[in-house]
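Convert by adding 22 to the 1-based position in the sequence shown; the result is the number in my numbering. We treat Cβ as the ideally placed atom computed from N, Cα and C, and that holds for glycine. For clarity, every value in this text was computed on a predicted model and none was experimentally measured.
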Amino acid sequence: MSDLLFDQFLLPFFVRFFFVFSLIGLATGAGLVFFPGRMREVFEQGNRWLSVRRHMKWLEVPYDIDTALYRFARQLGGVLIALAVYSTFVLATQVNAAGLVSAMGADKTGDPMLALIVADTVRWSLVAGGVLGIVVMLLVLFSPNLMGGIEKPADRWYSTRNWLRGLDQMRMGFDTWVQGHPRAMGSLMLLGSLVVSLHFGIRWFVQG
């Protein structure tokens, strides 16, 4: 099953991916070798610094939803439990993985057994998630103190801005070297891209 998935889907994708980007590498390398001035202007237009930390700052603001959750716990919990019980019951008793695969036409693929395994795995994962949701909402409704104690160790704020601070700094050493040696870099890109394009081009167009 894994060999079929790799041969029919993953391998053709990677062959086309590397071939297309090797052509881009050829064009970029040729531009650096024969037109370094123009390529420098192109790079200056696209080589801009965009601060992820600045634009994603609003995601780092902690929001407290526990107050609203426990304030409307009975109304919200009753609706969610009813929905979870219904969906879990239907998934466990009414949904048939083989019928779902057949309805989607996946049984006519090269490996229908793989499609059946995936569909059944997704179905039982949703059932397990529904059961877990029911247990959590029951704890919120009838034992909020216990639920609060369970939440407390995990209910912490972790700032990715602090962890990734160093990744937001510009490092221009390589860019400076390329600007000072455009033809050398272009020659390396041409040679490497030519090898890659020949290899994957032969696999795509000759071997099929």
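With C-beta atoms as the reference, is residue i less than 8 Å away from residue j?
i: R205; j: P58; result: yes
i: G152; j: A104; result: no
i: M211; j: T50; result: yes
i: R145; j: V123; result: no
i: A119; j: D142; result: yes
Would you report the Cα separation of residue i and residue j, rounded to the nearest angstrom?
i: A52; j: S147; result: 52 Å
i: L98; j: E63; result: 58 Å
i: G208; j: A137; result: 46 Å
i: G214; j: H221; result: 11 Å
i: I139; j: V149; result: 15 Å
i: F31; j: L45; result: 22 Å
i: L168; j: G155; result: 16 Å
i: N69; j: R193; result: 12 Å
i: V101; j: V42; result: 51 Å
i: R93; j: M159; result: 13 Å
i: L161; j: F65; result: 57 Å
i: G202; j: F196; result: 10 Å
i: T89; j: Y108; result: 27 Å
i: V157; j: Q67; result: 55 Å
How would you label residue i, buried or exposed, when you count the other beta carbons within 10 angstroms and need 16 or more for buried?
i: G121; result: exposed
i: V217; result: exposed
i: F40; result: buried
i: L54; result: buried
i: G47; result: buried
i: M135; result: exposed
i: F219; result: Residue identity check: residue 219 is Ser in the sequence provided, not Phe. Under this definition S219 is a buried residue.
i: V228; result: exposed
Check for me: the alpha helix (DSSP H) holding residue i runs from which residue to which?
i: H221; result: P204 to G223
i: P58; result: P58 to G68
i: W146; result: P134 to F164
i: F111; result: A95 to T115
Beta-carbon within less than 7 Å of residue i's beta-carbon, same chain only, minus the 5 sequence neighbours each way: which residues are those?
i: V37; result: F222, R225 and W226
i: V200; result: M207
i: L19; result: Nothing about residue 19 can be reported from this structure: the residues present for the chain run from 23 to 230 only.
i: L33; result: none
i: M61; result: G53, L54 and P204
i: W71; result: M192
For a cutoff of 8 Å on Cβ pairs, would you count residue i as touching chain C?
i: A95; result: The structure shown has no chain C; it contains just one protein chain.
Give me, in chain order, the residues of the same chain whose beta-carbon lies closer than 6 Å to that of residue i; leave out the 5 immediate sequence neighbours on both sides.
i: S165; result: none
Sorry if obvious, but does the Cβ on residue i come closer than 7 Å to a heavy atom of the ligand NAP?
i: V112; result: Annotation note on the ligand NAP: not contained in the displayed structure, which lists no ligands.
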